[in-house]
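Residue numbers for the sequence shown follow the numbering used here, beginning at 76 and rising by one.
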Amino acid sequence: MPKKRKNRSAKKRGKKPSLKLIDQKLNLILKKENRQLKGQKKFFKLEKEQLEEVEDFENLERKQLKELSGIEELEREIKEQVSPHPLRRITIRDISKALIGAFIGIISHFAFSEGAHLAEGVSVGRASFILLVSFLIGFIFIYLTGYRKILDRKLLFFLPVRLVAIYLVTLATVFFVLYTFNFTVGADISLIYKQVAVVSLPAIIGASAADLIGRE
76 MPKKRKNRSA KKRGKKPSLK LIDQKLNLIL KKENRQLKGQ KKFFKLEKEQ
126 LEEVEDFENL ERKQLKELSG IEELEREIKE QVSPHPLRRI TIRDISKALI
176 GAFIGIISHF AFSEGAHLAE GVSVGRASFI LLVSFLIGFI FIYLTGYRKI
226 LDRKLLFFLP VRLVAIYLVT LATVFFVLYT FNFTVGADIS LIYKQVAVVS
276 LPAIIGASAA DLIGRE
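Right, here's the structure in full:
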């Protein structure tokens, strides 16, 4: 009997240390979890503060952009009020454009009247050659007025389209002017063709010059 009691007491003594160890481990786990929770709370708090700072920065940026747009609008209004209207003053550029326009108009008048008379002594083949020369001159003028600076091939596709449009408008204008001044009255088709061909040369130059004058 005494031996059995001793064994039982030994077993009880052996169990007590294991429970204490478990309690210690649980306490350590709880402490670690508390630390992690505190760390997460700090992290969430810091993240919230950063989001608030970002929102404040965005609001400030929007406010600055609004103020900047207001300043630009104010500057535009001041320029409109201060700067003189282009129709209220005459510059050297206006005088030079008027001189060039008058010069071209005078020359085109003589070229038109003389060309219509010279067409009577020009053959149909020579008239066709003059039409080809007029087309080439129009190509050179249009290319030099801006298309030579274009490197994109897709934009260069519009060069022949623009050239053909200007060329057809020029020929139609020449025919209209000839018809208006009675140069086509009593004339056969071949003579009208030769008159249009001869006059098309100065006309295409004038059309190209108009494009040049309109540029800054």
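Backbone N, C-alpha and C fix where the C-beta goes; we use that ideal spot for every residue, glycine too.
Beta-carbon gap between residue i and residue j smaller than 8 Å
i	j	result
TYR242	GLY200	no
LEU193	VAL273	yes
TYR218	LEU234	yes
Classification of residue i by the beta-carbon crowding that lies within 10 angstroms, buried from 16 upward
i	result
LYS269	buried
GLY261	exposed
ALA240	exposed
LEU238	buried
LEU211	exposed
SER144	exposed
LEU258	Residue identity differs from the one stated: residue 258 is Phe in this sequence, not Leu. So PHE258 counts as buried.
LEU253	buried
Nonlocal neighbours in the same chain, by C-beta distance under 8 Å from residue i, ignoring five residues either side
i	result
LYS205	One point to set straight first is that residue 205 is Ile, not Lys, in the sequence displayed. The residues are VAL197, ALA272, VAL273, SER275, LEU276.
SER203	ALA272
LYS95	none
C-alpha gap between residue i and residue j, whole angstroms
i	j	result
ALA191	PHE216	24 Å
LEU135	GLN125	15 Å
LEU103	VAL129	39 Å
GLU148	GLN139	14 Å
ASP263	GLU195	11 Å
PHE119	LYS100	28 Å
Cutoff 7 Å; reference residue i; Cβ partners in own chain excluding five residues on either side
i	result
THR245	SER275, ALA278, ILE279, ALA282
PHE250	VAL271
Contact set for residue i: own chain, Cβ-Cβ below 6 Å, skip 5 residues either direction
i	result
PHE187	VAL274
ILE267	THR259
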